[in-house]
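Colleague: Encoded as structure tokens, here's the structure I'll be asking about.
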Amino acid sequence: MHNNLSLLMRKHRVTASKLSIITGISRTSIHGLYHERTENLDTKTVMKLCEYFNVTPNEFFGINDKEGAK
Numbered sequence: 004m005h006n007n008l009s010l011l012m013r014k015h016r017v018t019a020s021k022l023s024i025i026t027g028i029s030r031t032s033i034h035g036l037y038h039e040r041t042e043n044l045d046t047k048t049v050m051k052l053c054e055y056f057n058v059t060p061n062e063f064f065g066i067n068d069k070e071g072a073k
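When you line the sequence shown up against our numbering, it's residues 4 to 73, in that order.
This is the structure:
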């Protein structure tokens, strides 16, 4: 599933190991999300990442609120 984790990690200059320690999310899960290989995302995982990066779920997934708006 498409997400902006790789962009957020680069922007915040955080490694998968550090992100794992800070958020409590396994490195395996972070790597799966980073490489967009994870199909079934856990809501708690997404919310922890959104909280850490101070973004909304829409921003995390690259969803533009104005798409489809007239």
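Just so you know, even glycine gets a beta-carbon here, dropped at the ideal spot from N, CA and C.
#1: Using C-beta distances below 8 Å, list every residue in its chain close to residue 20, excluding the 5 sequence neighbours before and after it, in chain order.
#2: Could you tell me which of 52, 57, 56 and 59 sits nearest to residue 32, measuring between CA atoms?
#3: Give me the residue from 57, 40, 45 and 41 with the minimum Cα distance to residue 12.
#4: Label residue 6 either buried or exposed according to how many other C-beta atoms from any shown protein chain fall within 10 Å of its C-beta, with 16 as the threshold for buried.
#5: Report yes if the C-beta distance between residue 8 and residue 55 is below 8 Å; otherwise report no.
#6: Does residue 24 pass the burial test, meaning 16 or more other C-beta atoms within 10 Å, or should it be called exposed?
Modeller: Well, looking at it:
#1: Apart from sequence neighbours up to five positions away, the residues of its chain that approach residue 20 with a beta-carbon distance below 8 Å are 30, ordered along the chain.
#2: For the residues 52, 57, 56 and 59, the minimum Cα distance to residue 32 belongs to 52.
#3: Nearest to residue 12 by alpha-carbon distance, out of 57, 40, 45 and 41, is 57.
#4: That one is buried.
#5: In terms of Cβ geometry, residue 8 and residue 55 do not form a close pair [threshold 8 Å].
#6: Answer is exposed; the Cβ neighbour count stays below 16.
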